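These notes are about the structure you will find just below.
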Amino acid sequence: MLLERLTAFRLRCRALLHRRRLERDLDEELAFHHAMRAEQCGEDPAARAAARRQFGNATRIRETCRDLWTFPTGEGLWQDLRYAVRTLANTPTFTLVAVLSLALGIGANIALFSLMDVMLLRTLPVENPQQLVEFARAGADATMTNLPYQVFEFLGRDHDALSDLFAIRSANPAFQTSGPPRLTRAHEVSGSYFPALGVRPLLGRTISPDDDRTAAANRVAVLSHAFWSVQFGQDPSALGAAVRLSGERYTIIGIMPPEFFGVDRAAVPDLWVPLSVNPDPGEVWILGRLRPGLSAASAQARLDPLFRQALQSQSAGFQHASQHDRDAFLAQRLLVNPAAAGTSTVRWTYWDYSATLKILLGLTGLVLLIACANLANLLIARSAARSRELGIRLALGAGRWRLVRQLMTENLLLALFGGALGLLVAGWAHPLMVGFLTRDPLRVALDFRLDYRLLAFGVALSVATGLLFGLLPSLRATRAGISGSIRHAGRPGSPAHRPWARILLAVQIGLSMILLVGAGLFARSLRNLGSADLGLRRDNLLLLSVQPAAAESEARRQFYQELIRRVSALAGVQSVALAGDAVFGNGGWNQTVWIESQSPPAKDAKVSMNLTGPGFFATTGIPLLAGREFGEGDHETAPRTALVNQTFARRFFGTRNPIGQHFGDLGPSSTGRYEIVGIVGDAKYGSIREKLRPMVFYPLWQSPPRASLEVHVRTRTDPAALIPALRREVQAIDGEALLGEIRNLPGVVRAQLRQDRMIAALAGFFALLALALSAIGIYGVLAYRVARQSAEIGVRLALGAQRSDVLWLIMKETLFLLAAGAAIGVPSALAAARLLRSLLFGLAPSDPLTLACAVTVLFAAGALAGIFPALRAMSVEPTVALRAE
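Heads up, the sequence shown is in the working numbering, so the first residue is 22 and it goes up one at a time.
Structure follows, in structure tokens:
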């Protein structure tokens with residue numbers, strides 16, 4: 022049996038190559054048999070007719086013979102495909118609308134999948150990435166990947182679970198060749214970093230364990246391909262060049278290939294330097310390579326004792342911490358997570374702790390469903406127009422499932438065309454989504470790559486879409502009997518007027534309502550964010566980060582004092598102040614303080630803190646409510662003082678006056694360390710969305726000056742006009758000082774609202790697209806009904822109906838469809854809006870104004886779509902309609 026099948030398969034394959042010769046031979050064979058029978062019957066017509074009947078249908082004989090030397094299923098599919106191409110080509114408008122609708126829906130979903138693919142699935146371009154693991158620590162409140170450097174040292178003692186171990190620390194040194202310094206992103210890596218990853222440089226060599234020794238005579242650096250291209254124009258002579266990083270001399274020893282970006286897709290470095298350049302690394306990322314055959318869970322069990330030993334070695338640093346903080350630190354657990362796709366930073370940043378991609382996923386999914394519902398409706402109406410054709414094909418012997426296959430071939434072909442165009446849309450939309458997610462797309466490795474996973478997803482989504490929008494219309498179109506299909510084609514009882522079309526259209530309108538409500542909520546939330554009270558003056562305030570080249574405290578102090586003097590003297594400057602962190606920067610630093618209470622023990626509290634110079638609150642516009650601001654007298658030898666905000670005062674002192682009260686930051690015994698000398702108003706320090714929090718401000722000059730400080734400049738005129746003068750003054754004082762980006766506060770606020778604006782814009786775009794598709798659906802169904810019922814309308818008019826009655830007849834159905842869609846969409850929108858609660862600002866998910874506006878827009882668009890078919894129905898002439906019928 023198997024041999025016979027193989028022989029038949031071989032003969033059929035050979036027949037594919039000689040199809041014309043076989044057809045010619047078959048025609049000659051049939052002609053020979055006809056001639057033989059004609060010769061045997063002579064000239065008798067009756068005998069010849071009887072011989073032809075006895076011989077049988079020549080066409081059927083041809084088909085039977087072809088089945089023997091072809092693949093019948095493949096042949097049928099090929100015929101269906103050719104017929105589908107001709108059918109779609111004969112209706113270019115329908116085909117174009119369908120393909121474009123699908124391309125937008127499928128393309129948006131492919132672009133989103135490409136982002137998910139690169140974040141969660143695509144492996145690092147290193148040797149054996151499946152063996153890589155990342156170490157993290159799990160506490161009671163959070164999981165963190167930043168581990169004390171001592172953990173790296175203790176884990177390195179194990180040689181059974183890990184074949185390699187390496188550490189990474191992020192830094193932002195000032196890079197300088199011959200021109201002014203520029204801020205860069207560097208990764209300080211252990212000497213085992215490049216050997217463990219198994220990557221080779223494009224030029225030169227990589228950092229070795231010998232380079233990472235503390236006593237290394239020469240500091241070295243390896244550049245990324247992108248940084249080498251920008252900074253040196255891909256000049257090979259950069260290899261061996263001497264550069265300065267934060268004032269220290271380094272030698273460039275290697276250039277990495279363009280595909281290598283490190284292990285963190287969310288933070289692509291410009292260069293790599295040895296970890297030993299930092300005498301106190303503090304906290305680092307730790308990754309390793311498992312030995313073959315060992316699972317991450319087994320490695321975690323083996324390494325956990327070493328992790329706990331490392332924590333115990335750090336417990337001495339908690340002498341000023343509370344017992345609760347000390348116990349929480351020692352109770353942390355070691356986690357060993359797979360890192361084939363890189364560190365978990367990109368996943369945490371854009372997926373686990375962010376709802377942005379999830380919102381995009383919901384938006385694109387809804388748009389695709391709306392496009393499918395719209396096309397299903399158009400196909401139902403189209404099948405009614407083809408009912409006579411389908412009835413005739415059934416009468417000629419075609420089976421129902423044969424016709425379903427033919428119709429599904431057309432639908433799948435539409436979906437595949439839409440998917441192919443969707444790939445182009447995805448290639449265009451991917452960088453837009455990356456730009457939507459991150460402020461600097463060049464700092465992330467989220468590139469679009471057309472690989473097998475993306476192609477497989479695109480094909481699978483296209484096929485699923487074709488089945489989703491095409492199966493129901495195909496089954497409905499072939500359900501009617503032969504006589505019914507021919508006799509009732511296009512009449513009110515035809516499939517176009519059955520409930521399925523209305524149900525699909527109501528569902529489509531309901532889905533559009535969800536998008537309209539979501540777009541309205543995002544738009545109103547964005548408006549509230551833009552007009553929110555920040556607690557400070559946002560106009561005419563410039564922010565700039567300055568880092569002098571000097572390393573000595575006194576030299577830094579003189580630099581900043583001279584900078585304040587020079588900038589204050591500039592025309593148009595109202596006031597100048599320094600701070601450790603800028604308003605709307607990082608939001609200050611977290612700190613535990615102990616509040617002096619009337620009865621022991623002292624209360625410990627979690628607060629935020631900042632270092633501020635004289636005039637800071639007047640410059641930023643944060644009101645001083647009581648007491649005094651810092652002055653020149655608050656220096657290193659003066660009594661330690663502090664200012665607190667209203668939230669701090671209310672939370673820890675209640676109705677008591679906090680001025681003159683004390684607190685400390687070095688444990689319960691330090692409660693008298695600082696005296697509160699003033700209260701300032703509550704303000705937003707890091708983000709518009711942040712809740713008011715207790716804040717402490719310390720005098721800037723009561724501690725050694727930090728390497729980098731934030732300068733706040735309040736201007737009387739346009740702040741942009743002062744930027745060149747500010748740059749000149751900084752360079753005049755210190756030509757090697759690192760000057761960061763000069764920002765104005767309104768621009769910083771707008772940058773913080775970037776994602777909110779993009780979400781609102783995308784939601785609005787998708788809502789308008791859904792509304793347009795729904796309007797097209799309403800117009801298509803009603804226009805088709807008017808065209809098919811023109812005779813009925815003509816009879817109504819002939820019998821005395823008013824044209825206004827005909828108008829109301831069509832508009833009544835329009836309003837019914839809109840009401841049905843609203844009945845589906847409003848509860849669904851309210852349920853979906855609850856999922857958006859964390860993204861909204863200043864309004865509830867069930868905001869009545871937003872809901873009312875969405876319903877109004879939906880009914881207005883639907884009525885506009887329905888009025889044109891209604892006006893066409895009014896213009897029907899009874900005599901013309903009846904004569905055509």
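Beta carbons: idealized from backbone N, C-alpha and C, even for Gly. Predicted model, so just to flag it, every value in this text is computed and none were measured.
In this structure, Leu308 and Val284 form a Cβ contact; the two beta carbons are roughly 6 Å apart against a cut-off of 8 Å.
A contact is defined here as three or more CB-CB pairs under 8 Å, and the region 343 to 358 meets this definition with respect to the region 317 to 329. Taking each of Ala360, Leu332, Gly363 and Pro279 in turn and checking the Cα distance to Ala349, the smallest one comes out for Leu332. Per DSSP, Ser596 is one residue of the beta strand (DSSP E) stretching across Val594 to Ala600. Rounded to the nearest whole angstrom, the CA to CA distance from Asp48 to Leu444 is 47 Å. When only Cα atoms are considered, His246 and Pro278 end up about 6 Å apart. Spatial neighbours of Asn666 in its own chain (CB-CB distance under 6 Å, excluding positions within 5 residues in sequence) are listed in chain order as Val701, Asp703 and Met716. Here Leu389 really is in contact with Asn130; their C-beta atoms are around 6 Å apart, less than 8 Å.
Around Leu183, the same chain offers Gly309 as residues with beta carbons nearer than 6 Å, after the five sequence neighbours per side are excluded. Pro848: member of the alpha helix (DSSP H) spanning Arg824 to Arg855, first to last residue.
Bridge pairing for Val567: Leu730 and Leu760 [DSSP].
By the C-beta criterion, the region 482 to 494 is judged to be in contact with the region 431 to 443, since at least 3 inter-stretch pairs fall below 8 Å.
Under the DSSP assignment, Glu174 falls outside any beta strand (DSSP E), being part of the alpha helix (DSSP H) whose first and last residues are Tyr170 to Leu176.
Here DSSP, grouped into helix, strand and coil, assigns Thr114 to helix. Contact between Ser213 and Pro230 holds, with the beta-carbon distance rounding to 6 Å and staying under 8 Å. Burial is judged here by how many other beta carbons sit within 10 angstroms of a residue's own beta carbon; Gln75 has fewer than 16 and is exposed.
When beta bridges are read from the DSSP output, Val264 appears opposite Tyr271. About 6 Å separates the CB atoms of Asn398 and Ala522; that is less than 8 Å, so the two are in contact. Proximity to Leu266 across Gly275, Ala242 and Arg470 peaks at Ala242, based on C-alpha coordinates.
Less than 8 Å divides the Cβ of Ile380 from the Cβ of Leu860.
Counting only residues of its own chain and dropping the five nearest sequence neighbours on each side, Thr736 has a CB closer than 7 Å to the CB of Asn561, Leu563, Gly593, Val594, Gln595 and Leu743.
Between Pro295 and Glu209 the beta-carbon gap is near 7 Å, inside 8 Å, which marks them as a contact. The Cβ atoms of Phe669 and Gln682 do not sit closer than 8 Å to each other. The alpha carbon of Pro216 has as its nearest neighbour, out of Ala207, Asp185 and Pro745, the alpha carbon of Asp185. Bridge partners of Ser533 according to DSSP: none are assigned.
Arg206 places its beta carbon 8 Å or farther from that of Asn299. DSSP, read as helix, strand or coil, puts Asn358 in strand. Annotation for Leu109: Thr116 place their beta carbon closer than 6 Å to its own, counting only its chain and skipping 5 residues before and after.
Here DSSP, grouped into helix, strand and coil, assigns Arg107 to helix. DSSP, reduced to helix, strand and coil, places Thr736 within a strand of the structure shown. Nearest to Glu898 by C-alpha distance, out of Ala852, Leu885, Pro66 and Ala822, is Ala822. Closest by C-alpha distance to Val732, out of Asp868, Thr641 and Gly456, is Thr641. Excluding the 5 residues flanking it on each side, Leu102 has same chain C-beta neighbours closer than 8 Å at Thr430 and Leu434, in chain order. Separation of Gly303 and Pro725 (C-alpha to C-alpha, rounded to the nearest whole angstrom) is 20 Å. In the same chain as Lys627, and ignoring 5 residues on each side of it, the C-beta atoms closer than 7 Å to its own belong to Asn611 and Thr613, in chain order.
Using a C-beta cut-off of 8 Å, the region 883 to 895 makes contact with the region 797 to 811, since at least three inter-stretch Cβ pairs fall below that distance.
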